[in-house]
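Worksheet: the structure to be examined is printed underneath.
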Amino acid sequence: MEEMEEELKCPVCGSFYREPIILPCSHNLCQACARNILVQTPESESPQSRRASGSGVSDYDYLDLDKMSLYSEADSGYGSYGGFASAPTTPCQKSPNGVRVFPPAMPPPPTHLSPALAPVPRNSCITCPQCHRSLILDDRGLRGFPKNRVLEGVIDRYQQSKAAALKCQLCEKAPKEATVMCEQCDVFYCDPCRLRCHPPRGPLAKHRLVPPAQGRVSRRLSPRKVSTCTDHELENHSMYCVQCKMPVCYQCLEEGKHSSHEVKALGAMWKLHKSQLSQALNGLSDRAKEAKEFLVQLRTMVQQIQENSVEFEACLVAQCDALIDALNRRKAQLLARVNKEHEHKLKVVRDQISHCTVKLRQTTGLMEYCLEVIKENDPSGFLQISDALIRRVHLTEDQWGKGTLTPRMTTDFDLSLDNSPLLQSIHQLDFVQVKASSPVPATPILQLEECCTHNNSATLSWKQPPLSTIAADGYILELDDGSGGQFREVYVGKETMCTVDGLHFNSTYNARVKAFNKTGVSPYSKTLVLQTSEGCNFETQSASYSQLVDIKKLLAVAWFAFDPGSAHSDIIFSNDNLTVTCSSYDDRVVLGKTGFSKGVHYWELTIDRYDNHPDPAFGVARIDVMKDMMLGKDDKAWAMYVDNNRSWFMHNNSHTNRTEGGITKGATIGVLLDLNRKTLTFFVNNEQQGPIAFENVEGLFFPAVSLNRNVQVTLHTGLPVPDFYSSRASIA
């Protein structure tokens, strides 16, 4: 259980949690530590001033801070974490756990009350030291946050399991080790004190004496205090609000903010969430087992590398000693290369062992913590943290994904010394890179009948000559840049067919392929010339055709779908990959299959489902855009995110041009990428949304969308650009 200890320590003070409270972001803080990092906000940003101005935003709804534009003078629509508009920022400190903590702007006034009862400065704000999300406290202050009783119970059990042997509670000087505990007296006794203070006669004869360990367990299993509602402190939790994901009391249902929400029985949801966490732990347990086996494999590789190194060095020395004295100087150089390879292999494997050990330790700690949480018998306390734990378990399992449990280095030394050359060739003596010599493979043949292009993709197929007897280990496919420039490798592998995406439209490419094995590389095949799609003209009214003909020549219309291969694992596909939604409450990114680098391209997305006013984002991105955050957060995407009231443009987490007008179910989002003019424009329901969103965009772009489980969209491609844009472009 030692590996679980990090889960039980406060990120601010670095000690075990004391009276932990749960923030809306699901992270925990000691109550005293939470008070220490409070920051007072300007009067204009307080909950009271917002309520006075007619705002109906919840005091704790930090997810909507972007829509209130609290901390952005430019009205970007996104909350800030580094400081506040009217208060100077304070330097951040680091807690014992290495988490950045922002101290309060001014020291709190002295008080003799407990942290829970001490008055909180008016207009106080607290920033989570782990996820850096900020929220403003209401009049209840820290009392508005629920206490994490499950975490307290886990800490108690952990500290008791680490404690030394139980001591007698009645010894006057040096306490002796306790031998029994009286369940009625609730006192631990050593043998002398039991005989003196608790004789087995009279009324004490009916008392039950148990071993100390059993007595400690009975203490731990004593009933806990029933959980009470944070809004109605005299009422116990009786139901679970599905929409708010929190336990509530009957007054919350009758007169509180949960009166119109869907609720379910507390016990049923407790069992359901325990079952979900248990199922998630099963998958993580399998990953941990594989990781342990992988570590054994890596440690075995260290021994094999050592043995192979010794064997290789002995062989090399024997070969060099067999040569004449002229080889001696060269021998030292060759040995140095072997030692360098030896150290490199060991370093790579040992680094991987260290990395894997740390990750496994973190995984095991999380597993043990979750198992302890499952043991809790407090439904409401468990439900307060179960969603966050389930997400952490799934995230940790994903980190053990494909490639993590694969060795980065082989144990073999693929070197061999050739001692056959004549004496005059000694000074050219060097290692060869293969252990066996054989003829190079024959030149591959491109199969013209299977090679084709579609939109801006090209598919090529090849084969070995029918009478070839030399096996090929793999093939190298090369294409030029579409403008007659130098060839570059686009595929290396054993397959004999390859599809290359992301080419320029209306361009001519030259392709060639060669085979290789351990001996060397074959000559190139004959060069194949490929022409990518020119696009197709869409229908127009005959009266305006003459005005549009020039812009039509610049357009390349493409049909494409969403790409499951590059999408986040939480994305759900349907309708031949034209319709997508998500299984997560967090934003996930999915790209289109076709990339654009030239021409004018327009596509639309219809909103099939829109619940709880989320912020889906639409736009374009590079192929290596981050897939686990909102589109536009990094510098690889250019996007517009929109809710039911307004929209913003976003690139590299910079928000601009807030525009009124949002989306609902059935709405249509249009994206116009004009790479001739290097601009990106957005439309909502066939009307341009704001000004031109981005200018000077150039390179290779893929259509992109980010959404969560509250949104479902369908992609429509091969569409004409809006009429007024075509007319404007032809006039220009």
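Per UniProt numbering, residue 1 is the first one in the sequence shown, and the count goes up by one each step. We treat Cβ as the ideally placed atom computed from N, Cα and C, and that holds for glycine. Predicted model, so just to flag it, every value in this text is computed and none were measured.
message = Going by beta-carbon coordinates alone, are N685 and T668 separated by less than 7 Å?
response = With contacts defined as CB atoms closer than 7 Å, N685 and T668 qualify as a contacting pair.
query = Taking Cβ to Cβ, would you say M630 is nearer than 7 Å to D563?
reply = Remark: C-beta atoms of M630 and D563 do not approach each other more closely than 7 Å.
query = Nearest CA to the CA of N36: which residue from M4, C25, G141, H716?
reply = Closest in C-alpha terms to N36, from the list M4, C25, G141, H716, comes G141.
request  = Report the residue from D231, Y509, D481 whose alpha carbon sits nearest the alpha carbon of G144.
outcome  = That would be D231, whose Cα lies nearest to the Cα of G144.
ask   = Cβ of I470 within 7 Å of Cβ of P439?
value = Between I470 and P439, the gap from beta carbon to beta carbon is short of 7 Å.
Neighbour-count burial assignment, D570, 16 or more Cβ in a 10 Å radius = With 16 or more other Cβ atoms inside 10 Å of its own Cβ, D570 counts as buried.
ask   = Do E172 and R208 come within 7 Å of each other at the CB atom, strictly closer than that value?
value = Cβ atoms of R208 and E172: not closer than 7 Å.
key: E450 burial status per 10 Å Cβ neighbour count (16 or more: buried)   = Exposed, since its Cβ has fewer than 16 Cβ neighbours within 10 Å.
inquiry  = Per the DSSP calculation, K19 is bridged to which residue(s)?
reply    = Here the sequence assigns Glu to residue 19, which means Lys is not the residue at that position. Per DSSP, E19 has no beta-bridge partner at all.
ask   = What residue does the beta strand (DSSP E) around C125 start on, and which one ends it?
value = Where C125 is concerned, the enclosing beta strand (DSSP E) starts and stops at 124–127.
query = DSSP on C33, reduced to helix/strand/coil?
reply = DSSP places C33 in helix when its eight states are reduced to three.
ask   = Of the choices F618, K147, L195, P247, whose alpha-carbon is the least far from that of V590?
value = Cα-wise, what sits closest to V590 is F618.
query = By DSSP, does N328 sit in helix, in strand, or in coil?
reply = In the three-state scheme derived from DSSP, where H, G and I count as helix and E and B as strand, N328 is classed as helix.
key: M367 (DSSP reduced to helix, strand or coil)   = Reduced to three states, the DSSP call for M367 is helix.
Straight-line Cα distance separating P616 from H655 = Going from the Cα of H655 to the Cα of P616 covers about 15 Å.
task = Closer than 7 Å by C-beta to W270: which residues in its own chain qualify, once you throw out the five before and the five after it? Chain order, please.
result = Answer for W270: P379, F382, L383, listed in chain order.
ask   = Is the distance from the Cβ of V671 to the Cβ of W559 below 7 Å?
value = Taking 7 Å as the Cβ cut-off, V671 and W559 do not qualify as a contacting pair.
key: Burial state of Q303 (16 or more Cβ within 10 Å)   = Around the Cβ of Q303, a 10 Å sphere holds fewer than 16 other Cβ atoms; the residue is exposed.
message = Using the Cβ count rule (16 or more neighbours within 10 Å means buried), how would you classify R287?
response = With 16 or more neighbouring CB atoms inside 10 Å of its own CB, R287 falls in the buried class.
inquiry  = Buried or exposed for H344, going by 16 or more other Cβ atoms inside 10 Å?
reply    = The residue is exposed, with fewer than 16 neighbouring Cβ atoms inside 10 Å.
inquiry  = Could you compute how far the alpha carbon of S525 sits from the alpha carbon of T443?
reply    = Looking at the two C-alpha atoms, the distance is approximately 6 Å.
ask   = Quick one: Cα of A637 to Cα of I692, how far?
value = Distance between the alpha carbons of A637 and I692: 16 Å.
query = Would you report the Cα separation of A515 and V348, rounded to the nearest angstrom?
reply = Computed Cα separation, rounded: 30 Å.
key: H27 and Q130 closer than 7 Å at C-beta   = With respect to Q130, H27 sits close: the two C-beta atoms are nearer than 7 Å.
Ranges of the beta strand (DSSP E) found wholly within the region 225–290, counting only runs of at least 3 = Within the region 225–290, the complete beta strand (DSSP E) runs of at least 3 residues are 239–241, 246–248, 263–265.
key: C-beta contact flag for L675 and K593 at 7 Å   = Pairing L675 with K593 gives a Cβ-Cβ distance that is not under 7 Å.
request  = Taking 8 Å as the threshold, find out whether the region 567–584 comes into contact with the region 703–712 through three or more Cβ pairs.
outcome  = Segments in contact, yes.
ask   = With 16 as the cutoff for other CB atoms within 10 Å, does G666 come out buried or exposed?
value = Looking at its Cβ environment, which holds fewer than 16 other Cβ atoms inside 10 Å, G666 is exposed.
ask   = Among L38, Y17, K289, which has the Cα closest to the Cα of V150?
value = Between V150 and the set L38, Y17, K289, the nearest pair of CA atoms involves Y17.
inquiry  = Between the alpha carbons of W400 and Q352, how many angstroms are there, rounded?
reply    = A direct Cα-Cα distance of roughly 13 Å separates W400 from Q352.
request  = Along the beta strand (DSSP E) that carries A637, what are the first and last residues, could you check?
outcome  = Taken as a continuous stretch (DSSP letters only), the beta strand (DSSP E) holding A637 covers 637–642.
message = Within 10 Å of its beta-carbon, does S15 have 16 or more other beta-carbons around it, so buried, or fewer, so exposed?
response = S15 comes out exposed.
inquiry  = Using the three-state DSSP reduction, which class does D608 fall into: helix, strand or coil?
reply    = Secondary structure at D608: strand, using DSSP grouped into helix, strand and coil.
query = Going by the CB atoms, is the gap between L284 and E376 shorter than 7 Å?
reply = No. Outside cutoff.
inquiry  = Among the candidates S278, Q306, F312, L415, whose CA atom is the shortest distance from the CA of I390?
reply    = For I390, the closest of S278, Q306, F312, L415 by C-alpha to C-alpha distance is S278.
query = To which residues of the same chain is residue 733 closer than 7 Å at the C-beta, ignoring the five residues directly before and after it?
reply = The requested residue 733 is not part of the displayed model; the chain covers only 1 to 732.
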